[in-house]
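Shown next, in structure tokens, is the structure this report addresses.
Chains as they are written, first to last, in this note's numbering: chain A, 1 to 10; chain B, 1001 to 1216.
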């Protein structure tokens, strides 16, 4: 299942 | 990391380079909205608070520092440094940014990822970045004609988030656990705001001769 991941983008 | 995200970050860096060159070499901030630059400084200073605990890569941490430093330097130069500060026209660049910051702050409180203080601030910064270009676009609209470097600056800025949209599509289809509805929505709105500008930018740059970008 998709889950919001920790912010790895700028 | 994928090519879309990398090109997006390079386009973002290019926009900083163009703007810094313009205001330092050209010694003028005419046509540049200080309001937009202030919003970007708020965006980066709030979103990158996690610099101190969310270490995902050296690349990320390095660019976070670069973006905070550049946006702060730009605001400082336009606001305090001579002769640039005298070329900023507060009558023209008078978009009421409190009407952007307020709703984004409320949205960040209500719609965020984990209900922690940082996530509320992070969501606020994502929403604010989506609308931060508005004062700049309004300023260009008032002036009707866009100075060449400024047009490249806005184009690079629009391309950065447009490339990020492609990066999100790519990640959605290649990573089975990737989900980021907040940035998908905000990034789409952000890129949408540039569509009208891109149309006029393309019309003016078509066929190689660099006719000035005219906004109706």
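Where is the CB? At the ideal position from N, CA and C, for every residue including glycine.
Three or more pairs of CB atoms, one per stretch, sit closer than 8 Å, so the stretch 1123-1138 of chain B contacts the stretch 1175-1193 of chain B. Unbroken beta strand (DSSP E) stretches of 3 residues or longer found wholly inside the stretch 1087-1166 of chain B: none.
The C-alpha of residue 1039 of chain B is placed about 10 Å away from the C-alpha of residue 1098 of chain B. Against chain A, the beta carbon of residue 1054 of chain B has neighbours under 7 Å at 6, 7, listed in chain order. Nearest in C-alpha terms to residue 1037 of chain B, of all of B:1114, B:1102, B:1106, B:1139, is B:1139. Its Cα nearest to that of residue 1012 of chain B, the residue B:1153 stands out among B:1196, B:1153, B:1206, B:1121.
Residue 1007 of chain B carries a helical assignment under DSSP once its states are collapsed to helix, strand and coil.
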